[in-house]
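Asker: Remember, our numbering sits 139 above the position in the sequence shown when you count from 1. Ideal Cβ placement from N, Cα and C applies to all residues, glycine included.
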Amino acid sequence: MDATHPDLSIRRQCELLSLARSTLYYVPADVSPEDIALMKAVDRIYTNWPFYGSRRIVLELRRGGHDANRKRVQRLMRIMGVQALVPGPHTSRPHPEHRIYPYLLRGADISRPDQVWAADITYIPLESGWAYLVAVIDWFSRAVLAWELSNTMTVDFCVHALTDALRHGTPEIFNTDQGAQFTSPDFTAILEQEDVAISMDGKGRATDNIFVERLWRSLKYEDVYLRDYATLADARAGIARWIRFYNHRRPHQALDNRTPMDVYRGLRSVA
Numbered sequence: 140m141d142a143t144h145p146d147l148s149i150r151r152q153c154e155l156l157s158l159a160r161s162t163l164y165y166v167p168a169d170v171s172p173e174d175i176a177l178m179k180a181v182d183r184i185y186t187n188w189p190f191y192g193s194r195r196i197v198l199e200l201r202r203g204g205h206d207a208n209r210k211r212v213q214r215l216m217r218i219m220g221v222q223a224l225v226p227g228p229h230t231s232r233p234h235p236e237h238r239i240y241p242y243l244l245r246g247a248d249i250s251r252p253d254q255v256w257a258a259d260i261t262y263i264p265l266e267s268g269w270a271y272l273v274a275v276i277d278w279f280s281r282a283v284l285a286w287e288l289s290n291t292m293t294v295d296f297c298v299h300a301l302t303d304a305l306r307h308g309t310p311e312i313f314n315t316d317q318g319a320q321f322t323s324p325d326f327t328a329i330l331e332q333e334d335v336a337i338s339m340d341g342k343g344r345a346t347d348n349i350f351v352e353r354l355w356r357s358l359k360y361e362d363v364y365l366r367d368y369a370t371l372a373d374a375r376a377g378i379a380r381w382i383r384f385y386n387h388r389r390p391h392q393a394l395d396n397r398t399p400m401d402v403y404r405g406l407r408s409v410a
């Protein structure tokens, strides 16, 4: 990447390389090693029990030998962008100026690729900081159609992933949670331009986006926790390898032991 290039701006260079601009400016977070270790422990607990709030997470941390109080854990959970996936008075709120769309999938029969896509964001621990991963998946096939890694929770890396996913096709419905990245007009305008129906989970509803939650669990236990990535670049390369494996080599019992991309591409071709 060349900031002094006479003909290509940084924005255009990122577009040509299929990179979100936010990934260029990664600086390790100025946090203590103790907080980094605690965040990694919180992430493992949350991945196992996403319905746990800060009180229960504190209890699990103490059982594991961590000295943590609830106020500290709540602060770290805010940094990580995680909250208990159950309705309650402390759930985070979307941006107050953004439109919230209704949930469209209650009782829906998901029977074909490109019927419903979904997106979500998860926290990725690094040696001296953290990153955020967004992925777009097809609900029927479980195929990961696009993903992006960033050191910030701004909307641009989500927009980049959505734009990349739309190269595969166009869904009938796109489902997300009510996070500010997904309610942002920069994100929803792209879907509206493509005549995609927008669906958003009820606050704290773990089952509304369950396929993405399962993806995160598999990714973390099969790759992230085993690799313990040091840098954003390391994580990007490793996650890319795992997603290729997941899409093209990893059989799923729910798909009659076929791979997600085989189901996505094969069934689309005969529809």
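So, at 8 Å on beta carbons, what are the nonlocal neighbours of residue 351 in its own chain, with the 5 sequence-adjacent residues on each side left out?
Answerer: Your numbering for residue 351 matches position 212 in the sequence shown. Here the set comprises 257, 258, 259, 274, 276.
Asker: Are residue 377 and residue 366 touching if we call contact CB-CB under 8 Å?
Answerer: In the sequence shown, residue 377 corresponds to position 238, counting from 1. In the sequence shown, residue 366 corresponds to position 227, counting from 1. Yes, these two residues count as a Cβ contact at 8 Å.
Asker: Name the DSSP beta bridge partners of residue 371, please?
Answerer: Translated into the one-based positions of the sequence shown, residue 371 becomes position 232. None, per the DSSP bridge assignment.
Asker: May I ask which residues mark the beginning and end of the alpha helix (DSSP H) holding residue 302?
Answerer: The count along the sequence shown starts at 1 and reaches residue 302 at position 163. Note, residue 302: alpha helix (DSSP H), 295 to 304.
Asker: Quick check: the region 234 to 253 against the region 192 to 202, are at least 3 beta-carbon pairs closer than 8 Å?
Answerer: Taking 8 Å as the limit for Cβ pairs, the verdict is that the region 234 to 253 does not touch the region 192 to 202.
Asker: Go to residue 216, then tell me how far its alpha helix (DSSP H) extends in each direction, as first and last residue.
Answerer: Taking the sequence shown and counting its residues from 1, the one referred to as residue 216 is at position 77. It spans 209 to 219 - the alpha helix (DSSP H) in which residue 216 sits, taken as one unbroken run.
Asker: Any idea which residues DSSP pairs residue 277 with across the strands?
Answerer: Here residue 277 corresponds to residue number 138 of the sequence shown, with the count starting at 1. DSSP output for residue 277 lists 256 as bridge partner(s).
Asker: So who's on the other strand from residue 318, going by DSSP bridges?
Answerer: Taking the sequence shown and counting its residues from 1, one reaches residue 318 at position 179. Answer by DSSP bridge pairing: none, since residue 318 is not bridged.
Asker: Could you tell me whether the Cβ of residue 185 comes closer than 8 Å to any Cβ of chain C?
Answerer: This model lacks chain C altogether; it includes just one protein chain.
Asker: Taking all protein chains shown into account, decide if residue 321 is buried (16 or more other Cβ within 10 angstroms of its Cβ) or exposed.
Answerer: In the sequence shown, the residue the question calls residue 321 occupies position 182. Buried, since its Cβ has 16 or more Cβ neighbours within 10 Å.
Asker: Mind checking whether residue 281 and residue 394 have CB atoms under 8 Å apart?
Answerer: Taking the sequence shown and counting its residues from 1, one reaches residue 281 at position 142. Taking the sequence shown and counting its residues from 1, one reaches residue 394 at position 255. It is a contact, given that the beta carbons lie within the stated cut-off.
Asker: Under the three-state reduction of DSSP, which class applies to residue 163: helix, strand or coil?
Answerer: To locate residue 163, count along the sequence shown from 1; it is residue 24. Low confidence applies to residue 163: its pLDDT is 47, below 50, so where it sits in the model is not reliable, and the reading given next is rough at best. Reduced to three states, the DSSP call for residue 163 is helix.
Asker: Does the Cβ-Cβ distance between residue 349 and residue 283 come in under 8 Å?
Answerer: Start at 1 with the first residue of the sequence shown, and residue 349 comes out as number 210. Start at 1 with the first residue of the sequence shown, and residue 283 comes out as number 144. No, these two residues do not count as a Cβ contact at 8 Å.
Asker: Tell me, please, which residues DSSP counts as bridged to residue 338.
Answerer: Locating residue 338 in the sequence shown gives position 199, where the first residue counts as 1. Answer by DSSP bridge pairing, in chain order: 314.
Asker: Going by Cα to Cα distance, which pick from 190, 331, 307 is closest to residue 285?
Answerer: Position 146 of the sequence shown, counted from the first residue, corresponds to residue 285. Ranking 190, 331, 307 by Cα distance to residue 285 puts 307 first.
Asker: Pick from 219, 404, 312, 222: whose alpha carbon is nearest that of residue 248?
Answerer: On the sequence shown, position 109 is the one that residue 248 refers to. Residue 248 has its Cα closest to that of 312, out of 219, 404, 312, 222.
Asker: Looking only at C-alpha atoms, which of 300, 337, 296 sits nearest to residue 316?
Answerer: For the purposes of this step, residue 316 is taken as residue 177 along the sequence shown, with counting starting at 1. Closest by alpha carbon: 337.
Asker: Can we say the region 286 to 294 touches the region 179 to 194, given the rule of at least three CB pairs closer than 8 Å?
Answerer: The region 286 to 294 is not in contact with the region 179 to 194.
Asker: If I measure Cβ to Cβ from residue 271 and keep anything under 8 Å in the same chain, skipping five residues before and after, which residues do I get?
Answerer: Residue 271 sits at position 132 when you count from the first residue of the sequence shown. So the list reads 220, 260, 261, 262, 263, 288, 289, 290, 291, 292, 296, once near-sequence residues are dropped.
Asker: Where does the unbroken alpha helix (DSSP H) through residue 357 begin, and where does it stop?
Answerer: Indexing the sequence shown from 1 puts residue 357 at position 218. 349 to 358 is the span of the alpha helix (DSSP H), which, as asked, contains residue 357.
Asker: Residue 253 to residue 330, Cα distance in whole Å?
Answerer: Taking the sequence shown and counting its residues from 1, the one referred to as residue 253 is at position 114. Taking the sequence shown and counting its residues from 1, the one referred to as residue 330 is at position 191. Their Cα atoms are separated by approximately 14 Å.
Asker: Could you tell me which of 266, 174, 380 sits nearest to residue 371, measuring between CA atoms?
Answerer: Indexing the sequence shown from 1 puts residue 371 at position 232. The candidate whose alpha carbon is nearest that of residue 371 is 266.
Asker: So residue 325 packs on residue 298, CB below 8 Å; how close in whole Å?
Answerer: Residue numbering aside, residue 325 sits at position 186 when the sequence shown is read from its first letter. Residue numbering aside, residue 298 sits at position 159 when the sequence shown is read from its first letter. Contact flag correct, Cβ pair sits at about 6 Å.
Asker: Shortest alpha-carbon distance to residue 177 belongs to which of 302, 214, 244?
Answerer: Against the sequence shown, residue 177 aligns to sequence position 38. Selected option, being the one with the closest Cα: 214.
Asker: By the DSSP assignment, the alpha helix (DSSP H) with residue 181 in it spans what residues?
Answerer: If you number the sequence shown from 1, residue 181 lands on position 42. Here the alpha helix (DSSP H) through residue 181 covers 172 to 187.
Asker: Excluding the 5 residues flanking residue 303 on each side, which residues of the same chain have their C-beta closer than 6 Å to its C-beta?
Answerer: In the sequence shown, the residue the question calls residue 303 occupies position 164. Taken in chain order, the residues that qualify are 285.
Asker: Between residue 246 and residue 353, what straight-line distance do the alpha-carbon atoms span, to the nearest angstrom?
Answerer: In the sequence shown, the residue the question calls residue 246 occupies position 107. In the sequence shown, the residue the question calls residue 353 occupies position 214. Going by the C-alpha atoms only, they are around 20 Å apart.
Asker: Please report the straight-line C-alpha distance between residue 362 and residue 314, rounded to a whole angstrom.
Answerer: Residue numbering aside, residue 362 sits at position 223 when the sequence shown is read from its first letter. Residue numbering aside, residue 314 sits at position 175 when the sequence shown is read from its first letter. Their Cα atoms are separated by approximately 26 Å.
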